[in-house]
Amino acid sequence: MNLRERMALGGEGEARSAWAGRGAGQLSQAEQEYKQRLFRQLVKVMDLTLLSTLEEREARLQVQQVCESLMSKETLPFNVAMRQRIVTELQDEVLGLGPLETLLADKTVSDILVNGTNPIYVERRGKLEQTLLCFDSDAHLMTIIDRIVSSVGRRIDESSPMVDARLKDGSRVNAVIPPLAIDGPMLSIRRFAVERLGVDSLVEYGSISPEIARLLEKVVKGRLNVLVSGGTGAGKTTLLNVLSGFIPPDERIVTIEDSAELQLQQPHVGRLETRPPNIEGKGEISQRDLVRNSLRMRPDRIVVGEVRGGEAFDMLQAMNTGHDGSLTTIHANTPRDALTRIENMVAMSGYQLPAQALRSQIASAIDVVVQIERQEDGVRRLVSVQEVNGQEGEIITMSEIFRFEREGMDAEGKVLGRYVATGVVPGFHDYLKRRGLDPGLEIFQGVGAQRPWN
């Protein structure tokens, strides 16, 4: 249902829902009432369907011209600045995403979380904050959700109450509506930095030590298989982007994702994205389908944004059959849990492999597990680097090479600690050395690795 149809059904109440929410509390009562009235006039005289076919700049110009024409017919007690503000906010409502436009323009916002008509929350620098913005009604929020999902050829309704989508800037969107969302529609937007972070930035932020950065660079260039593990919002995709940046430019890379988020800069990258089923439940292309197909595309490297299901088995097969240097992420709280989750994913996908045989495949496929987490101070830190040694009986053996040791918190709530080399020299060190990629024995012996982060 488009905006005009909602207006026709809802009358004046729906008109209020379509304009409010962009800091409406900052307007006086008279300004709010006039904005309502101008919006109702605007949608009556404009062809909203035609607007959707125009370039954004031209469409915004037309909305501005109509608003100014309507304003000129009245004597208004508002100054020029207030008139312009009203026009801008109406442009956002008619053409953009309403109260979300302010947040999307803020480069410090990494997540936008909408829970019905409650105040909108955002994440800045790893911490959640409540804003003064909100949607005036569920209908207003549904209008914006419809606008987002329809722009990428998706739909959301009671028969299909969950949807994933993507904004023009690449931000990932998830929407859930009633009856699944009991208290009203919910919208989650995960934003990604326009400028791709490099390893130097992570070192500067204290997310990783220079010694770990040096090791991981050699590991990726040496074509070892790396699994990045962490919880939701821990920074797995950011770290995967950084690690992918170490891949030499003369290699062919195929990336596979549910929603395209990776920002690889190499010249020879093939990007694949899954496709959900249509309204008839047909046409789905899963990550597993794409992993299998990628093996026919002559990749030097396969990078999977996140393994979540049956594609884990195909990824293991690829790693074990000549596609060295593959990278992927997984939701898990520890490196050991990460390997257990892969085992469970394969088992649940229908493969009836003995546990020992499956663990043998995992141990031979994955070389390094990197654990990252978002800590209480909002900083995303790499907290452990472990080598997968092999298998003893039915147990996969692992050795920790580096870890972040917490030492407490300061008065401002910032986590204090230091990166420590455990003294373990990984078994792949000689392999890297033979390839001219020696990171230096000193980094494993703690020299320079005891740097405090406070």
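Numbering (our numbering), first residue to last: 10 to 463. Here a beta-carbon is modelled for each residue, glycine too, at the ideal position from N, C-alpha and C.
For Asn-183, the enclosing beta strand (DSSP E) has its first and last residue at 181 to 185.
Restricting attention to Glu-213, Ile-339, Val-158 and Gln-74, the CA atom closest to the CA of Ile-186 is found in Val-158. About 5 Å separates the CB atoms of Lys-245 and Val-237; that is less than 8 Å, so the two are in contact. Pro-308 is the residue among Glu-293, Pro-308, Pro-219 and Pro-257 whose C-alpha sits nearest the C-alpha of Arg-280.
A distance of 8 Å or more separates the beta carbons of Lys-442 and Asp-386. When rounded, the separation of the alpha-carbon atoms in Asn-124 and Asp-173 is 16 Å. Fewer than three pairs of CB atoms, one per stretch, sit closer than 8 Å, so the region 95 to 102 makes no contact with the region 134 to 144. By the beta-carbon neighbour count (other beta carbons within 10 angstroms, threshold 16), Asp-376 is buried.
DSSP, reduced to helix, strand and coil, places Arg-301 within a helical segment of the structure shown.
A distance below 8 Å separates the beta carbons of Glu-282 and Ser-268. Counting along the chain, Gln-275 sits inside no alpha helix (DSSP H), nor does DSSP assign it H or E at all.
For Thr-406, the enclosing beta strand (DSSP E) begins and ends at 404 to 418. In the three-state scheme derived from DSSP, where H, G and I count as helix and E and B as strand, Ala-430 is classed as strand.
Nearest neighbour of Ala-114 by Cα position, chosen from Ser-180, Thr-126, Ser-168 and Asp-155, turns out to be Ser-180. With respect to the 8 Å criterion, Thr-338 and Gly-314 are classified as neighbours on the basis of their beta carbons.
Ile-265 sits in a strand when the DSSP states are folded into three classes. In summary, Ile-191 is exposed, with fewer than 16 beta-carbon neighbours lying within 10 Å of its beta-carbon over all protein chains present. By DSSP's assignment, Met-171 forms a beta bridge with Val-185. A buried status is given to Val-228, since no fewer than 16 other beta-carbon atoms sit within 10 Å of its beta-carbon. When DSSP reads this structure, Asp-120 sits in a beta bridge with Glu-132 and Arg-199.
Where Val-378 is concerned, the enclosing beta strand (DSSP E) starts and stops at 377 to 383. DSSP, reduced to helix, strand and coil, places Gln-361 outside both helices and strands of the structure shown, so it counts as coil. Between the C-alpha atoms of Arg-297 and Gly-319 there is a straight-line separation of about 6 Å.
The three-state secondary structure of Leu-85, taken from DSSP, is coil.
According to the DSSP assignment, Arg-232 belongs to no beta strand (DSSP E), since it is labelled neither H nor E. Nearest Cα to Met-328 within the set Glu-65, Ser-369 and Thr-247: Ser-369. Contact between Asp-120 and Arg-205 does not hold, since the beta-carbon distance rounds to 18 Å and is not under 8 Å. Annotation: the continuous alpha helix (DSSP H) that includes Glu-213 extends over 208 to 214.
The Cβ atoms of Arg-133 and Thr-117 lie closer than 8 Å to each other. Contact annotation, Gly-240 with Glu-382: C-beta distance approximately 6 Å; criterion of less than 8 Å satisfied. DSSP places Ile-165 outside both helix and strand once states are collapsed to three, so it counts as coil. In the three-state scheme derived from DSSP, where H, G and I count as helix and E and B as strand, Asn-342 is classed as coil.
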